[in-house]
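Residue numbers (the numbering used here): 102 to 232.
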């Protein structure tokens, strides 16, 4: 016997706001010599350089955003990418941002049939300022 809750949980959904970036983005900051263009890079798996007294690492700053537990990385670090804004670390991202297979797996798991794709806000702000 199907209850209303079962029907809702197993119904197909449309995700009307999700973000996407291609895995390979040219290093336009290096190419043009200016700007804070977005790139994705593999995370460095080795220990970071020692910090100077009182200095906070970009990763620590990023981790502070997630301290409340509202966002937990699901993929192993080897599958994640680091988003860089120009030559500055911006945040670590999950593979469903740039990898279609990962996105399809998430869609299947969450019963999402279609998605409306948007670029990440930081990219649209850069192009708006670049006009």
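We treat Cβ as the ideally placed atom computed from N, Cα and C, and that holds for glycine.
query: Thinking C-alpha only, which one of 121, 183, 116 and 177 is nearest residue 199?; result: 121
query: When you compare each of 128, 177 and 119 to residue 221 by their alpha carbons, which one comes out closest?; result: 119
query: Just to confirm, are residue 182 and residue 194 a CB contact at a threshold of 8 Å?; result: yes
query: Locate the beta strand (DSSP E) running through residue 206, then write down its first and last residues.; result: No beta strand (DSSP E) contains residue 206, which is instead part of the alpha helix (DSSP H) from 201-210.
query: Which word fits residue 133, buried or exposed, when buried means at least 16 other C-beta atoms lie within 10 angstroms of its C-beta?; result: exposed
query: Just to confirm my understanding: we take residue 126, look at its own chain, exclude 5 residues before and 5 after, and list those with CB closer than 8 Å. What are they?; result: 138, 139, 140 and 141
query: State the DSSP-derived secondary structure class of residue 126, mapped to helix, strand or coil.; result: coil
query: For residue 179, which of helix, strand or coil comes out of DSSP?; result: helix
query: If contacts are defined as beta-carbon pairs under 8 Å, then residue 48 and residue 187 qualify, I think. What distance do you get, rounded to the angstrom?; result: Absent from the structure is residue 48, since the part of the chain shown begins at 102 and ends at 232.
query: With H, G and I counted as helix, E and B as strand and the rest as coil, what does DSSP make of residue 132?; result: helix
query: Are residue 114 and residue 202 touching if we call contact CB-CB under 8 Å?; result: no
query: For residue 185, which residues from the same chain have a beta carbon less than 8 Å from its beta carbon, with the 5 sequence-adjacent residues on both sides left out?; result: 139, 140, 141, 142 and 191
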